[in-house]
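Engineer: Just passing along the structure, written as structure tokens.
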Amino acid sequence: MGTNLRMAMRALTQNKLQAVLTLLGMSVGVAMVVIVSGLGRGAQMRIESQIEAAGPTRITIKPGNLTPPGMSSKGQDTSFGGEAEGAVSIDPYSGKSDATLNEAVQRARARMETKTPTKFRNPATPLGAAEIAMLTSEIDDVTAVAGSVEGNASVDSDAGLRMRVVRVHGFAPAWPEMDGWKALEGEIPDAASIAAGTPEIVIGRSVSEKLWPGEGSPIGKHIPVGGTDLTVVGVIDAPEKTNAIIPTVYAPLDLAQTLLERDSFDQITVRTASVAVTSKAAEEITKKLRELHQLPDDTFDDFRVESQSISALPSMGTNPGLVRAVHSNTAELERANWEEMAKSLRQAGRTFTLLLAGAAAVSLAVGGVGVMNIMLVSVAARTREIGLRMALGARTNDVMIQFLVEAITLATLGGLIGLALGWVGLLVTEYGFHWATAVSPWMLLLAFALAAATGIVFGIAPARRAARLDPVVALKSE
């Protein structure tokens, strides 16, 4: 094998131009495989993270209960003390009652005479560390919990910025992953830097132009708020309302609470393990929060627990019968609708990957044709050498293996160059165009294996042609 390798390298150095052109074609093919695999895997991971971030696996808890009169937080009609036997039924589609007005009044009066207990409202209990601890330790199927605060803060007058007020959004360490943040510039503060108490913030890319128009990258710039210099360390692709006058900055939770002078949370967001358990987890959270807040049975919730599907329901003006029907089937609706949407998104990602893979396969095939071409030329140019080897006792298999090793050597050298080019291409794609990419050792190993396999497949025909030469005819050739 060592002899075959030395002969292969000598043959390549004797035909430098052809070898370079072949290596170039092969390396481009392998680089395409690497880039396509990285982009495809990155797109799939991005889709999964967006599905997870946007999907109804979030439950939001807010203090207070602002449910409109006549509708409880669970969508139950409580205008006459809750549902009871003999209640007027309303068609949720037509909005018509199955009873006349007089019958409805009589039934309502009869229900009121039964003295159905009236529920009372308590002042809202602030959300704090006790709620976080309960959600983390006592609720099944919860994968992440994050408290947050939000409010306006005045920029110091000597800052020299165009904006005098910024909206500070305080986030917990778990929030960036829950919300699918991706750093476009700089970095997002991690748990270690947050624990260190460094006044670091991140901003959306549209905010930079509002604060420092035409000044380039905002990384390292400062926003003095309340005597504290907030240093911009990252830019994220955060949605900014087109009509938003006040720019939003994102600060670690403890820092934001200090700036806003608060010791409680505006809301707590919970991430569940899957869509199927979201509604069940919301019910369990409601039960546990009532126990934690020690609310009697005749008292409304002093908080709001909403999954994304429930919060999407309009409250004012919605037919109570329709709301009850939707709420009673929320779990199935969430599961069916979101699974269908997620399936469509994943299928689109797979289609995108397959299209790119097709282009990569064509590039790799072109590289393989280049290998076959140079090997056929090499066989034709070295006919006398082949005849001499066979005349001196070389077997057919020896000649075939010699040229097959040359083809594999050429392909693997092109594969190594292609791996380097592909790696550089992915870096340019990720940091230059901000596209999601993902690279794994297995992916690089697969690309290299494909290069070697291409050398074998496209090197067999020239190797067999060389092995089938007649020694006598070969020695006579010029």
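Start counting the sequence shown at 1; every next residue gets the next number (UniProt numbering). Here a beta-carbon is modelled for each residue, glycine too, at the ideal position from N, C-alpha and C.
Since V149 and L253 should fall inside the 8 angstroms C-beta cutoff, what is the C-beta to C-beta distance between them, to a whole number of angstroms?
Structural biologist: Sure, about 7 angstroms apart at Cβ, within 8 angstroms.
Engineer: Would a C-beta distance cut-off of 7 angstroms place I223 and L230 closer than the cut-off?
Structural biologist: Going by C-beta atoms, I223 is nearer than 7 angstroms to L230.
Engineer: May I ask you to report which of helix, strand or coil DSSP gives V377?
Structural biologist: V377: helix per DSSP, three-state reduction.
Engineer: Please state the DSSP three-state secondary structure of T248.
Structural biologist: Note: T248 maps to strand in three-state DSSP.
Engineer: Identify the residues that DSSP records as bridge partners of I268: which are they?
Structural biologist: Answer by DSSP bridge pairing, in chain order: I61 and G147.
Engineer: Sort Q402, E200 and R389 by Cα distance to V235 and report the nearest one.
Structural biologist: Residue E200 is the option with its Cα nearest to V235.
Engineer: In chain order, what residues of the same chain have a beta carbon less than 6 angstroms from the beta carbon of A256, not counting five sequence neighbours either side?
Structural biologist: The answer, listed in chain order, is V149, V168 and G170.
Engineer: Could one say the Cβ of S274 lies closer than 7 angstroms to chain D's Cβ atoms, at least one of them?
Structural biologist: Among the chains in the structure shown there is no chain D, since it carries only a single protein chain.
Engineer: Quick one: Cα of V166 to Cα of T299, how far?
Structural biologist: If I take the Cα positions, the gap works out to 38 angstroms.
Engineer: Is it buried or exposed for residue 485, if we count other Cβ within 10 angstroms and need 16 for buried?
Structural biologist: It is not possible to answer for residue 485, since the shown part of the chain is limited to 1 through 478.
Engineer: Specify the secondary structure class of L295 as computed by DSSP and reduced to three states.
Structural biologist: Reduced to three states, the DSSP call for L295 is coil.
Engineer: Apply the 10 Å Cβ neighbour rule to D98 and answer buried if 16 or more other Cβ atoms are within range, or exposed otherwise.
Structural biologist: Note that D98 has pLDDT 48, beneath the 50 cutoff, so the model's placement of it is unreliable and the number below is only indicative. D98 should be labelled exposed.
Engineer: Kindly give me the distance between the Cβ atoms of G415 and V30, rounded to whole angstroms, as I take these residues to be in contact under 8 angstroms.
Structural biologist: Rounded, the Cβ-Cβ distance is 5 angstroms, consistent with contact.
Engineer: Is the number of C-beta pairs between the region 455 to 470 and the region 365 to 382 that are closer than 8 angstroms three or more?
Structural biologist: The region 455 to 470, when compared against the region 365 to 382, does touch it at the 8 angstroms Cβ threshold.
Engineer: Locate the alpha helix (DSSP H) running through A183, then write down its first and last residues.
Structural biologist: Here A183 belongs to no alpha helix (DSSP H); instead the beta strand (DSSP E) covers A183 to G186.
Engineer: In its own chain, which residues sit with a C-beta less than 6 angstroms from the C-beta of A144, not counting the 5 before and 5 after it?
Structural biologist: Around A144: A174, M178 and R271.
Engineer: When DSSP labels each residue in this structure, what does R167 get in the three-state scheme?
Structural biologist: DSSP places R167 in strand when its eight states are reduced to three.
Engineer: Is it the case that the Cβ atoms of H293 and T136 are separated by a distance below 7 angstroms?
Structural biologist: Cβ atoms of H293 and T136: not closer than 7 angstroms.
Engineer: Check the DSSP bridge columns for A153 and list the partner residues they point to.
Structural biologist: A153 pairs with V166.
Engineer: Between the beta-carbon of residue 484 and the beta-carbon of V362, is there less than 7 angstroms?
Structural biologist: Since the displayed the chain opens at 1 and closes at 478, residue 484 lies outside it and no answer follows.
Engineer: Let me know if V155 comes out buried or exposed under the rule of 16 or more other beta-carbons within 10 Å of its beta-carbon.
Structural biologist: The residue in question, V155, is buried, as its Cβ has 16 or more Cβ neighbours within 10 Å.
Engineer: Three-state secondary structure (DSSP) at D302?
Structural biologist: Three-state result, D302: coil.
Engineer: Could you please give the first and the last residue of the uninterrupted alpha helix (DSSP H) stretch that includes D190?
Structural biologist: That residue, D190, is in no alpha helix (DSSP H); it is neither H nor E in DSSP.
Engineer: Applying the 10 Å Cβ sphere with the 16-neighbour rule, what's the burial state of W442?
Structural biologist: The residue is exposed, with fewer than 16 neighbouring Cβ atoms inside 10 Å.
Engineer: Distance, Cα to Cα, L259 vs A192?
Structural biologist: Between L259 and A192, the C-alpha separation is close to 20 angstroms.
Engineer: Check for me: the alpha helix (DSSP H) holding G418 runs from which residue to which?
Structural biologist: Unbroken alpha helix (DSSP H) run through G418: T396 to G432.
Engineer: Cβ atoms of M400 and P471: under 7 angstroms apart, would you say?
Structural biologist: It is not a contact, given that the beta carbons lie outside the stated cut-off.
Engineer: For R382, collect the residues of the same chain with a Cβ closer than 6 angstroms to its Cβ; drop the 5 residues on either side in sequence, then sort them by chain order.
Structural biologist: Result list for R382: empty, nothing under 6 angstroms.
Engineer: Taking V36 and A360 to be in contact with their CB atoms under 8 angstroms, please state how far apart those CB atoms are, rounded to whole angstroms.
Structural biologist: Rounded, the Cβ-Cβ distance is 4 angstroms, consistent with contact.
Engineer: Have a look at A436, F448 and V405 and flag the residue whose alpha-carbon is nearest the alpha-carbon of G418.
Structural biologist: Checking every option, the nearest Cα to that of G418 belongs to F448.
Engineer: Express the C-alpha separation of G151 and W212 in angstroms, rounding to a whole number.
Structural biologist: Spanning the two alpha carbons is a distance of roughly 22 angstroms.
Engineer: Quick check: the Cα distance between A153 and L450, rounded to an integer number of angstroms?
Structural biologist: If I take the Cα positions, the gap works out to 57 angstroms.
Engineer: Does the distance from the CB of M26 to the CB of A411 come in under 7 angstroms?
Structural biologist: Closer than 7 angstroms, so yes.
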